[in-house]
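Residue numbers (this note's numbering): 966 to 1182.
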């Protein structure tokens, strides 16, 4: 196999074709199910469970390249429903330029940020008790958005303080905040749309509901 193909198996979670799986397992002296347990999970998933790609105890446990890959791959919609989405600018090089270019090409790019002046934000800042406050992180995201070559739709709400939803075409990342932890400590799910009305669609509806009620930044 081409080394780059094998590298994608290892670093990007790509699953080889059945024949390649069998050959690799034979060379390595391992069962296919041990090397690629995802094959087993996909085989037994039924109903809405098929949409669950992975669950992580913390958002920081996500593969570091995941957000970059989802952004690069998305063509129709890129919705950022994090209260600050501050980490995006740290993990995705030249994100503002990339998002601006996608918007110029017709993609629906939206940022639903927290309201830095709301009482909900102030209360959460007391709980988190960190020098890099929510209001500061929101301001930094606004500054990065302003670097985009194309105007990006941005609204503010206080209703998603406890749960963040990011949507990239037919994939989504959902993070549920835990106790006094920061966003990176949130239990996080990676979803991929497989059916009408499944968990993915429900989270899309959630984002759209918040967006409709939010105020322009």
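Virtual Cβ for every residue (Gly too), placed ideally from N, Cα, C.
Treat the numbers as computed from the prediction; the structure is a model and nothing was measured.
Evaluate contact between the segment 1060-1076 and the segment 1108-1122, counting only Cβ atoms and requiring at least three cross-stretch pairs below 8 Å.
yes
Helix, strand or coil for residue 1157, going by three-state DSSP, please let me know.
strand
Do residue 1044 and residue 1018 have their CB atoms nearer than 9 Å?
no
Can you say whether residue 982 is buried or exposed, counting buried as having 16 or more other CB atoms within 10 angstroms of its CB?
exposed
Between residue 975 and residue 992, what straight-line distance do the alpha-carbon atoms span, to the nearest angstrom?
16 Å
With distances taken Cα to Cα, identify the nearest neighbour of residue 1120 among 1173, 1143 and 1098.
1173
Residue 1038 to residue 1057, Cα distance in whole Å?
13 Å
Which runs of the beta strand (DSSP E) spanning at least 3 residues fall entirely within the segment 1110-1167, listed in chain order?
1118-1122, 1128-1133, 1136-1141 and 1152-1157
Using a Cβ-Cβ cutoff of less than 8 Å, which residues in the same chain neighbour residue 1033 once the five nearest sequence positions on both sides are dropped?
1056, 1057 and 1058
Any idea what DSSP makes of residue 995, helix, strand or coil?
coil
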